[in-house]
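Chemist:
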Amino acid sequence: MALTPADVRATQFATTRVRAGYDVDEVDAFLDIVESDIATLTADLQKSRDEAAVLRTQYAQLQLRLRAADLELAATGDRVRIMNAPETRQDTVEIVRPDKSLFTGDAATVLAIAQATADEIIGAANKQVQGIRADLRTRLEAQIAELARLDAAES
């Protein structure tokens, strides 16, 4: 049975007839200190448990986001591999980069700009995916460390 502040407050000390016993005021003062400390420690423990529950929930949410980011990264990697595969790449080159001699002046310039822009967008998207994944991993590791610290503090 856990000792509560109310238990400490309700404790009664018996007096003895053989000797004078303890000074009642000193015992009461001590009980006040013990009651206050137990109340503080109980509140701190509950606060830590609440924080641990919040961190566990955040950890679960970050795990889900990390899995979703991994799936998205895998899907993006698959699309990039498909686009860069030799048989696909040749078809893509024929479709995306037709013979420039067919275009004159502004049309050739527009085609070159469009292709360069597409390449930049793909590169930026890949960098952004890598950055998001690294950020999620960093946050996840921080949450894991915080959970470990709280678990150690509870023990």
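In the working numbering, the protein residues as written are 72 to 226. Positions of the beta carbon are idealized from the N, C-alpha and C atoms, including for glycine.
Roughly how far, in whole angstroms, is the beta-carbon of isoleucine 109 from the beta-carbon of proline 76, given that I think they are within contact range, below 8 Å?
Modeler: 5 Å
Chemist: Contact defined as beta carbons within less than 8 Å: I believe leucine 133 pairs with arginine 210. What is the distance between those atoms, to the nearest angstrom?
Modeler: 6 Å
Chemist: Identify whether glutamine 129 lies in helix, strand or coil by the three-state DSSP scheme.
Modeler: helix
Chemist: Taking the C-alpha atoms as reference points, what is the distance between glutamine 214 and glutamine 83?
Modeler: 46 Å
Chemist: Hey, how far is the Cα of leucine 116 from the Cα of glutamine 199?
Modeler: Distance from the CA atom of leucine 116 to the CA atom of glutamine 199, rounded to whole angstroms, is 41 Å.
Chemist: At the level of alpha carbons, what is the spacing between alanine 145 and arginine 138?
Modeler: Straight through space, the alpha carbons of arginine 138 and alanine 145 are spaced by roughly 10 Å.
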